[in-house]
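Enquirer: For any residue, its number in the numbering used here is found by taking its place in the first sequence, counting from 1, and adding 290.
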Amino acid sequence: MLWSKTLIPTLKEIPQDAEIPSHQLMLRAGLIRRLGSGLYTYLPLGFRALRKVEAIVREEMDRAGAQEGLMPAMHPREIWDRSGRYETLKNVMFRVKDRQAREMVLGPTHEEIITDLVSREISSYKQLPCNFYQIQTKFRDEIRPRFGLMRCKEFIMKDAYSFDISSEAADGSYQKMYDAYVNIFRRCGLHAMPVEADTGDMGGSSSHEFMVPCEAGEDAILEADDGSYAANMERAEGFCDLPSLFADAEKALEEIATPNVGKIEDVAAFLKVEPRQLVKTLIYMADGKPVAVLLPGDREVNEIKLRNVLGAEDVVPADPETVRKVTGAEVGFAGPVGLEIPLLVDRTLEGLKGGVIGANKTDTHRLHFDLARDLAPEALVDIAFPKAGDLAPNRKGRLSEKRGVEVGHVFKLGTKYSLALGANVLDENGKSIPAVMGCYGIGVSRTLQAVIEQSHDENGIIWPVNVAPYTVLITVLSPKHEESMTRATALAAELENTGIDVMVDDREERPGFKFKDADLLGFPLRLTIGERGLAKGIVELKPRTEKSFEEIPADEAFDAVRDAVTRLREAQK
RNA sequence: CGGGGAGUAGCUCAGCCUGGUAGAGCGCCAGCUUUGGGAGCUGGAUGUCGCAGGUUCAACUCCUGUCUCCCCGACCA
Numbered sequence: 291m292l293w294s295k296t297l298i299p300t301l302k303e304i305p306q307d308a309e310i311p312s313h314q315l316m317l318r319a320g321l322i323r324r325l326g327s328g329l330y331t332y333l334p335l336g337f338r339a340l341r342k343v344e345a346i347v348r349e350e351m352d353r354a355g356a357q358e359g360l361m362p363a364m365h366p367r368e369i370w371d372r373s374g375r376y377e378t379l380k381n382v383m384f385r386v387k388d389r390q391a392r393e394m395v396l397g398p399t400h401e402e403i404i405t406d407l408v409s410r411e412i413s414s415y416k417q418l419p420c421n422f423y424q425i426q427t428k429f430r431d432e433i434r435p436r437f438g439l440m441r442c443k444e445f446i447m448k449d450a451y452s453f454d455i456s457s458e459a460a461d462g463s464y465q466k467m468y469d470a471y472v473n474i475f476r477r478c479g480l481h482a483m484p485v486e487a488d489t490g491d492m493g494g495s496s497s498h499e500f501m502v503p504c505e506a507g508e509d510a511i512l513e514a515d516d517g518s519y520a521a522n523m524e525r526a527e528g529f530c531d532l533p534s535l536f537a538d539a540e541k542a543l544e545e546i547a548t549p550n551v552g553k554i555e556d557v558a559a560f561l562k563v564e565p566r567q568l569v570k571t572l573i574y575m576a577d578g579k580p581v582a583v584l585l586p587g588d589r590e591v592n593e594i595k596l597r598n599v600l601g602a603e604d605v606v607p608a609d610p611e612t613v614r615k616v617t618g619a620e621v622g623f624a625g626p627v628g629l630e631i632p633l634l635v636d637r638t639l640e641g642l643k644g645g646v647i648g649a650n651k652t653d654t655h656r657l658h659f660d661l662a663r664d665l666a667p668e669a670l671v672d673i674a675f676p677k678a679g680d681l682a683p684n685r686k687g688r689l690s691e692k693r694g695v696e697v698g699h700v701f702k703l704g705t706k707y708s709l710a711l712g713a714n715v716l717d718e719n720g721k722s723i724p725a726v727m728g729c730y731g732i733g734v735s736r737t738l739q740a741v742i743e744q745s746h747d748e749n750g751i752i753w754p755v756n757v758a759p760y761t762v763l764i765t766v767l768s769p770k771h772e773e774s775m776t777r778a779t780a781l782a783a784e785l786e787n788t789g790i791d792v793m794v795d796d797r798e799e800r801p802g803f804k805f806k807d808a809d810l811l812g813f814p815l816r817l818t819i820g821e822r823g824l825a826k827g828i829v830e831l832k833p834r835t836e837k838s839f840e841e842i843p844a845d846e847a848f849d850a851v852r853d854a855v856t857r858l859r860e861a862q863k
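1) Answer with buried or exposed for residue 609, where buried requires no fewer than 16 other C-beta atoms within 10 angstroms of its C-beta.
2) Restricting to Cα atoms, I'd like to know which of 331, 365, 739 and 633 is closest to residue 665.
3) If you run the structure through DSSP and keep just helix, strand and coil, what is residue 585?
4) Please work out which residues of its chain come closer than 6 Å, Cβ to Cβ, to residue 730, disregarding the five sequence neighbours upstream and downstream, and give them in chain order.
5) Verify whether the separation of the beta carbon atoms of residue 354 and residue 470 is less than 9 Å.
6) Select from 835, 545 and 606 the residue whose C-alpha is nearest the C-alpha of residue 575.
7) Which partner residues of residue 420 appear in the DSSP bridge assignment?
8) Let's test the definition: count the other Cβ atoms within 10 Å of the Cβ of residue 433 and tell me whether it reaches 16, buried, or not, exposed.
9) Going by alpha carbons, who is nearest to residue 811 out of 800, 833 and 645?
10) Report the partner residues of residue 513 according to the DSSP bridge assignment.
11) Based on the DSSP output, what are the partners of residue 729 in its beta bridges?
12) Just the C-alpha distance for residue 820 and residue 766, rounded to the nearest angstrom, thanks.
13) Whole angstroms are fine: how far does the CA of residue 374 sit from the CA of residue 582?
14) Is residue 639 near residue 572, with beta carbons less than 9 Å apart?
15) Can you tell me which of the three DSSP states residue 815 falls into?
16) Name the residue from 543, 484 and 604 whose alpha carbon lies nearest to the alpha carbon of residue 522.
17) Could you say which of 603, 604, 626 and 602 lies nearest to residue 613 if we only look at CA atoms?
18) For residue 562, which beta-bridge partners are listed by DSSP?
19) So, does the stretch 769-784 touch the stretch 730-747, judging by three or more C-beta pairs under 8 Å?
20) Quick one: what's got a C-beta closer than 7 Å to residue 599's C-beta in the same chain, skipping five residues either side?
21) DSSP on residue 403, reduced to helix/strand/coil?
22) Between residue 789 and residue 844, what straight-line distance do the alpha-carbon atoms span, to the nearest angstrom?
23) Under the assumption that residue 356 contacts residue 421 (Cβ atoms under 8 Å), give the Cβ distance between them as a whole number of angstroms.
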């Protein structure tokens, strides 16, 4: 392809509304343009790269035995009513009406649609296991789209759905997808790490997210230094092995005036103790009933864990009025001793002696709290977010925190959707049972941007060979020089014939200008053909990752490029 | 939805406080020179100053409303 015949609007300056490197580079390299918040057009080069990611996804999904199809992006409302998700996803779905005022939604995901199909078309255990996937545009009314393709209202997703006869068989389907994901991200040149994740509103028993570590990531991850554990912060468990014995541990409870200091940091500063020594007592409403939650002053409640521990549908912090009624004090002075409501004690408080608690009396705290002596809780529970420095669940590794972008997510769904939509099959005994499902998503467009976020330098993108819009760029320094162009186009044709895609920069520009653009665009290999070099019978070959080029005889250019491409591809197989 | 910031040429931005016929750099067009890491000179085109009202002899500038975009948070497969 000739550069001069392709729309590649590169920008020298950094566009105003892009903050992270990958977003800036996608705009500067002319891969995408914004239409509105969270809405992007793929320009020719961006689209080529996107299709390369899609091709890898297809190959690996097919290899894992999944079948590709394509479902409608627009659905009648009724099917979402059948699973109850019209209500639960109300804020996520775009809703439209047709001219007969029939209610439709733009699909944010497709569990209902595929499950409905399977319920109609699959009826015997002999047809299982099966796994269907599609690559399609999804619509979600994101509250805050951001970072270019990272979080959009409209984005391209690969979604797959597996159906099995039993949960053991479903575990096998899950593992196949997990393995396929490892292959997909490796081939895309991405370092993606699988982490344990929460299933959220999706339902189901367990899940893993594939995270690309980078600063711009929207998720926090905890990872054990011995490699034994990695989990999304929402889900992560850890053990705190800090001592919870503090000074004056054996003294009796004692009230102390703390006028106008209700916040943890203020109380700690006022009493000259560490926040960790304080016991935070929070009042929550669980399905409308108040409960008290106790944890160290330097930890935060994980409301997901809290909800799970309580088995409650809805858990929210109590309003100040309720706090006053329950504790008899203003917000900031709640304490566990004397409360008449259920108490949940986080396990990081185990063995606490000498702590500081609220006195359930405004402007008053109590010193020398001893958990076992003063409260004697029946059980300790895990309701806090772990912190970097905690022990991993194996009690050997230490946890550290990093941020990541979620590029893929695999779920074990169980029978939630098959029950709701009647996806039953007859088993060997002729008994009708619901299929056990799994679902597996990859944010294809997000993956593309994650590649750039992870692979760039100060000059531009550094495409991994398998997803580069073109593998080779032939920079013709003097397009008017006949021999230069003849050689370039002949070589390009030859390379294309062996399955290597080539862009020829035939623009009438100064060399420096073209080199800058080449680095910005990030093609893995650049072959430079110049009039002077040709006079000496040489051309230059330079990988994007190298500082300098290699002179090679012009007549051997084909072999040299082909070999270099082969090496790059081998390294990323 | 709360908080903050911004909408002026294709891009990056100045001008606004203190009202008086709209600017720079880059890009674009033409010509000449140049030609190995985003060239130089000369000439040229380009704006309903986001939109709608209001104040004023006069509004990019002041006032009111409104729309859009970005950031933080809340929210959220």
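Think of the CB as a built atom: it goes at the ideal place given N, C-alpha and C, for glycine as much as any other residue. All values reported here derive from a predicted model rather than from experimental measurement.
Expert: Checking against the coordinates, here is how it stands:
1) Stepping through the first sequence from its first residue, residue 609 is reached at position 319. By the neighbour-count rule (16 or more Cβ atoms within 10 Å), residue 609 is not buried but exposed.
2) Here residue 665 is taken as the residue at index 375 of the first sequence, counted from 1. Minimum Cα distance to residue 665 is reached at 633.
3) Against the first sequence, residue 585 aligns to sequence position 295. Here residue 585 sits in strand by DSSP.
4) If you number the first sequence from 1, residue 730 lands on position 440. Contacts found: 450, 467 and 700.
5) Working through the first sequence from its first residue, we reach residue 354 at position 64. Working through the first sequence from its first residue, we reach residue 470 at position 180. Inclusion of residue 354 and residue 470 in the CB contact set at 9 Å is warranted, their separation being smaller than that value.
6) Along the first sequence, read from residue 1 onward, the residue named residue 575 stands at position 285. The candidate whose alpha carbon is nearest that of residue 575 is 606.
7) Position 130 of the first sequence, counted from the start, is the residue given in the question as residue 420. In the DSSP assignment, the residues bridged to residue 420 are 453.
8) On the first sequence, residue 433 is found 143 positions in, with the first residue counted as 1. Exposed: under 16 other Cβ atoms inside 10 Å.
9) As a first step, residue 811 must be located in the first sequence, where it is residue number 521. Of the listed residues, the one whose Cα sits closest to residue 811 is 833.
10) Position 223 of the first sequence, counted from the start, is the residue given in the question as residue 513. Beta bridge pairing from DSSP links residue 513 with 520 and 690.
11) For the purposes of this step, residue 729 is taken as residue 439 along the first sequence, with counting starting at 1. 451 and 701.
12) Start at 1 with the first residue of the first sequence, and residue 820 comes out as number 530. Start at 1 with the first residue of the first sequence, and residue 766 comes out as number 476. Rounded to the nearest whole angstrom, the CA to CA distance from residue 820 to residue 766 is 6 Å.
13) As a first step, residue 582 must be located in the first sequence, where it is residue number 292. As a first step, residue 374 must be located in the first sequence, where it is residue number 84. Cα-Cα distance, rounded: 31 Å.
14) Working through the first sequence from its first residue, we reach residue 639 at position 349. Working through the first sequence from its first residue, we reach residue 572 at position 282. In this structure, residue 639 keeps its C-beta atom at 9 Å or more from the C-beta atom of residue 572.
15) Mapped onto the first sequence, residue 815 falls at position 525. Residue 815: strand per DSSP, three-state reduction.
16) Counting from one through the first sequence, the residue named residue 522 turns up at place 232. Closest by alpha carbon: 484.
17) Looking up residue 613 in the first sequence gives position 323. Per the C-alpha coordinates, the member of 603, 604, 626 and 602 positioned closest to residue 613 is 626.
18) Here residue 562 refers to the residue found at position 272 of the first sequence. Looking at the DSSP output, residue 562 sits in no beta bridge, so it has no partner there.
19) With the cut-off at 8 Å, the stretch 769-784 and the stretch 730-747 do not touch.
20) Here residue 599 refers to the residue found at position 309 when the first sequence is read from its first residue. A distance below 7 Å between beta-carbons, with the five flanking residues on each side excluded, links residue 599 to the following residues of its chain, in chain order: 634, 671 and 673.
21) Mapped onto the first sequence, residue 403 falls at position 113. Three-state result, residue 403: helix.
22) Position 499 of the first sequence, counted from the start, is the residue given in the question as residue 789. Position 554 of the first sequence, counted from the start, is the residue given in the question as residue 844. Using only the alpha carbons, I get a separation of about 21 Å.
23) In the first sequence, the residue the question calls residue 356 occupies position 66. In the first sequence, the residue the question calls residue 421 occupies position 131. With a contact defined as Cβ atoms closer than 8 Å, residue 356 and residue 421 qualify at about 4 Å.
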